[in-house]
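Line by line, the protein sequences are chains V and U.
Residues in the first sequence are numbered consecutively from 12, following our numbering.
Residues in the second sequence are numbered consecutively from 189, following our numbering.
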Amino acid sequence: MGKPVDLLQGTLDMLILKAVSLGGLHGYGVLLRLGQLTGGRLQIQQGSLYPALYRLERKGLIASTWGESENKRKARFYTLTASGRKHLKAETALWNDFSSVVAGVLSAIPGES
Amino acid sequence: MRIGRRQQFEDDMDAELRFHIDSCVADLVRSGLTPEEAKRRARIEFGSLEASKDQCRQAWGLQRLDELRADLRLTFRTIRRSPGFAAVAILSLALGIGANTAIFGMFDAVMLRLLPVRDPGRLVFVQSAGTAGRDGPPYPCFELIRDRATSFEGVSAFSPSAMELTADRGRELARGLWVSGNLYQTLGVRPLIGRTLTASDDQTPGKGGPDGAVAVISRAYWQRRFGGDLAVVGRTIYLFEHAVTIVGVMPTETISLEPGRPIDIAVPMMLSDPVKLRDRTALWLLIVARLKPSVRMEQARAESGALFKAYIAGVRISEETRTRLFDHMDLAPAAKGLGGLRRQFSKPLSALMILAGLVLLAACVNITNLMLARAMARQRDFAVRLAIGAGRGRLIRQHLTESLALVGAGAALGIVLARLGQTALAAFFAEGNNRIVLDLSLNVRMLLFTLTVAVLSGLALGIVPAMRAARLDPAAGLHGGSRGIAGNRVSLRLGRALVVVQVTLSMVLLAGAGLFIRSLRELESVGLGFAREGILTMEVTPERRLFGSSEWLAMQTDILDRVRRIPGVRSVSWATMNPLSGRDRGAVLEVPGFVPRTEADKDIHLAAVSPEYFDTLGVPMLLGRGFSARDHGGAPKVAILNVTAARFYFGNANPIGLKVRFTNYPGRDLLYEVVGVVGDARHDSLREPPPRFIYLPIPQSVDRINRLALAARCSGDAIHFAAPVRRQIQSVRSTLLIANVSTMEKQIEQSLLRERLVAALSTTFGTVALVLACIGLYGILAYAVTRRTNEIGIRMALGATKSGVVWMVLREAFALAGAGIVIALPGVLALGQITKASLYGVEPVDPIAFASAAFLLLLFTALAAALPGRRASLLNPTSALRRE
């Protein structure tokens, strides 16, 4: 396990969308999958997970249905909607652009420009 | 959001979060923790459950709703706690908003509403214009424009006229309209049942079209006269004794182009007087045309102007008549229909709109003042809320919610009041012979207006207390309690300023009411020149074939004899028109030795009267003799002038024995000898000075005698004689048509309709404002006395008398009222200037109106000050001092 990383402002929504895009999940499942995907290096405030989910559902990017969990309990499952998929794609592209630009800047060697 | 759905949201959120925690706990237990330890860890990792929930609610958009609900709950609680305040606030708002809505409804109906026809914006009136005004061109000219002008999709003519109808043996006078067959195609109006008139119905003079003589009736007439019977289509009725088939029923609003003046029946032009249709100079039509979509007004004006010029070149008229009446062709927008009603009511309605606005303003100022007082009392409450972390935004919103709730209730009640008021207003207009029917039903524009007014007043109300709440310092608010903070002194000053504004507003309204009342009184007491009381009037029409016959003449004498024998009838007479009846007839007179400066100098009003006329109406005989039975058709022709005419034509010379000649009847030599001069009588309206008048004996009338007006002078209430007089008339001939039964007093009253309306409404508005100002004054004085309890105690302990204390309170009251009155002065002057045109016999700057308004205000100020003054004088110095 590497060093813990703080979550960048505004990236939680993107990560949730990504997590949900890999298959329907309940809230706790989103948390677990994000932990898995980041190798546990990302600190996610559990308390802010649900407001984010509600916000995304309100925006119509994800949809929720009540279903049964692995341990036979009633749970709310989230899935990506069509507009959520589009949004995720756009956000991903934006992020890639952004990170490559920032990485380019930060990796500049003195005297080269 | 509904309560049930809201609960569902909470339950789901709880379940979801519980599942999360439980799953977390289960995983932790699996990793080897004890259940208790696992629970603790899970809780810690999750953080504050409640905060998370709150954020969820916010993310879902529920928080605002929750806050609004809390605001409303608090609002209702505070309103319930002070029902007196709420009642005054809601009632005064209801009055203000109601007055505005009601007046705006009238304003809308009269001034703003477009004709409910297809694309009214492209309709124009085509008028022959000159220095004497504008009017529709003669019928042959109309035909020319209809057939030749290419700028229009349709050109149509119409002309209102009283029509005599007989159906089911009942004869009556209906409000008719001669129309060119294509009128309803031009307007784009469809019939409700049956068919409308078409151009083919209007082809042959005296006959109509292929279906013969046809007509359409209005929905209102259909319902009134035929009980809404569907079988009315195809029925034959008689129009001046000619059979006419009803082919359709038209909407009442669009059967004519004059909103407010309902028409009963529309008949094709070709069935009207063929002589008039051929007349190349008679102005009796109104022409309405629809512009083609691509044609601009100027193009159409140029084209019809050229046609008109060609037409006029072929007509033999004097140069002066041409400039007066037939100078050029003009087009005027017709989207709102004929402007008679608009012209008549635009000024009074605009004045009333202003007054109603002032009333609403007064109501708002009053409520602001009350709210301010309450805000002071609630300062502590708000300070506590601020101190425990309420945002200032929330506080401001709380204030706005409160004021909007009050305004909402006020507006709802106001609409109810406006409806009631409008029913009364509609009844006010519907009186009398020339009744006006206004469509005052609620419409979107009216509701939007009310809504706008309400929201604006709500914001105006909330803003001052809200600003104060925003500036509130919690520490000071908590410390000081209700007394002794600088802020309170500021509030008191603000409160006083608001009271002064209230006094100013009510002063302006009261002085305005004073002006209108004085103007009405002046009009009511204007010298009429004839008797006001005890005169019964009605119009009697024989069948058309009797017009001008000796048989009709004999009947007239017979009727006079019989009516005269009714006990209580002192005198009875005939005339072609009675004063103030709205009827008129003009003639052109040539007087020896008189050189007219303009063509108009030769114009004179003309009436044919029976010998008893002047006596019955109480018009004094000043010179010479009256008419008598000896002035029959074969006798030498005689005439009587009124004083105005005698002076105008003869100066101070005695006109008796001189001869005058009517020149507007080509081919007839009409020479009359002046045998008498009578006093002047008002004719058109009470406002207009009496015009020049010439009277002829009925048997010697220049016109064929058809409809006549009867006047009977009775002892006691004249209207009681209507039934017996009617019986006597019908005993002479049962088919005589009797219409417009009224009394002179009633007609005078009706001719003052506008003035009475404005006077009554402005008085109501003034009273409301006065009461509001008194409430404001009382409030501020009572508050001042409470605040100064200590000071008053000290004064009394030092020997101030009770009357001295009362005087102290009164002095403050009068100072406030006096300031308001002085500040109102320019407002009163401005109002006088604005309403100048509606006033009669009163200068816009009227000291009496101003002084009485000021006196009334000071009187009520004293009344408002009495209670706080008394309370101050009854203070016990010892307990007052102990209060500190």
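Cβ atoms here follow ideal geometry from the backbone N, Cα and C, with glycine treated the same way.
Quantities reported herein were computed from a predicted structural model and do not represent experimental measurements.
Simplified DSSP state of residue i, which is helix, strand or coil
i, result
"residue 42 of chain V", "helix"
"residue 801 of chain U", "helix"
"residue 1100 of chain U", "Outside the shown range of chain U (189 to 1072) lies residue 1100 of chain U, about which nothing can therefore be said."
"residue 670 of chain U", "Confidence at residue 670 of chain U is low in this model, with a pLDDT of 46, below 50, so the placement of that residue should be treated as unreliable; the coordinate-derived value is given next. Of the three classes helix, strand and coil, the one that applies to residue 670 of chain U here is coil, per DSSP."
"residue 106 of chain V", "helix"
"residue 472 of chain U", "coil"
"residue 815 of chain U", "coil"
"residue 208 of chain U", "helix"
"residue 197 of chain U", "helix"
"residue 431 of chain U", "strand"
"residue 506 of chain U", "coil"
"residue 248 of chain U", "coil"
"residue 725 of chain U", "strand"
"residue 766 of chain U", "coil"
"residue 715 of chain U", "coil"
"residue 931 of chain U", "strand"
"residue 441 of chain U", "coil"
"residue 860 of chain U", "strand"
"residue 823 of chain U", "coil"
"residue 966 of chain U", "helix"
"residue 53 of chain V", "strand"
"residue 37 of chain V", "strand"
Sheet register partners of residue i (DSSP bridge)
i, result
"residue 323 of chain U", "U:316"
"residue 478 of chain U", "U:311 and U:342"
"residue 363 of chain U", "U:350"
"residue 791 of chain U", "U:776"
"residue 76 of chain V", "V:88"
"residue 456 of chain U", "U:367"
"residue 830 of chain U", "U:866"
"residue 885 of chain U", "U:797"
"residue 587 of chain U", "DSSP output for residue 587 of chain U lists no bridge partner at all."
"residue 926 of chain U", "U:728"
"residue 424 of chain U", "U:433"
Buried/exposed call for residue i, threshold 16 Cβ in 10 Å
i, result
"residue 739 of chain U", "exposed"
"residue 225 of chain U", "exposed"
"residue 195 of chain U", "exposed"
"residue 573 of chain U", "buried"
"residue 798 of chain U", "buried"
"residue 984 of chain U", "buried"
"residue 106 of chain V", "exposed"
"residue 339 of chain U", "buried"
"residue 97 of chain V", "exposed"
"residue 655 of chain U", "exposed"
"residue 824 of chain U", "exposed"
"residue 684 of chain U", "buried"
"residue 108 of chain V", "exposed"
"residue 744 of chain U", "buried"
"residue 672 of chain U", "Residue placement at residue 672 of chain U cannot be trusted, given a pLDDT of 44 that sits under 50; what the coordinates show is reported in the next sentence. With fewer than 16 Cβ atoms within 10 Å of its Cβ, residue 672 of chain U is classed as exposed."
"residue 1014 of chain U", "exposed"
"residue 853 of chain U", "exposed"
Under 7 Å from the C-beta of residue i: neighbouring residues of chain B
i, result
"residue 86 of chain V", "Here the protein chains are V and U, and chain B is not one of them."
*Could you tell me whether the region 899-915 of chain U touches the region 700-710 of chain U, using the rule of 3 or more Cβ pairs below 8 Å?*
no
*alpha helix (DSSP H) runs wholly inside the region 986-1072 of chain U, at least 4 long, in chain order*: 990-1022, 1035-1061 and 1065-1070
*Within the chosen definition, does the region 385-401 of chain U reach the region 459-479 of chain U through at least 3 CB pairs nearer than 8 Å?*
yes
*On the three-pair Cβ rule with 8 Å, is the region 489-505 of chain U touching the region 265-279 of chain U?*
no
*Meets three-Cβ-pair contact criterion under 8 Å: the region 403-420 of chain U and the region 328-337 of chain U*: no
*Give, in chain order, every unbroken run of the alpha helix (DSSP H) that is at least 4 residues long and sits entirely within the region 499-562 of chain U.*
Within the region 499-562 of chain U, the complete alpha helix (DSSP H) segments at least 4 residues long are 507-513, listed from N- to C-terminus.
*Quick one: any contact between the region 261-268 of chain U and the region 512-531 of chain U, if contact means 3 or more CB pairs under 8 Å?*
no
*At least 3 beta-carbon pairs within less than 8 Å: the region 753-764 of chain U vs the region 925-937 of chain U*: Cβ pair count under 8 Å is below three, so no.
*Hey, is the region 352-361 of chain U in contact with the region 913-926 of chain U, meaning 3+ C-beta pairs nearer than 8 Å?*
At 8 Å Cβ cutoff, the stretches touch.
*Could you tell me whether the region 746-755 of chain U touches the region 842-858 of chain U, using the rule of 3 or more Cβ pairs below 8 Å?*
no
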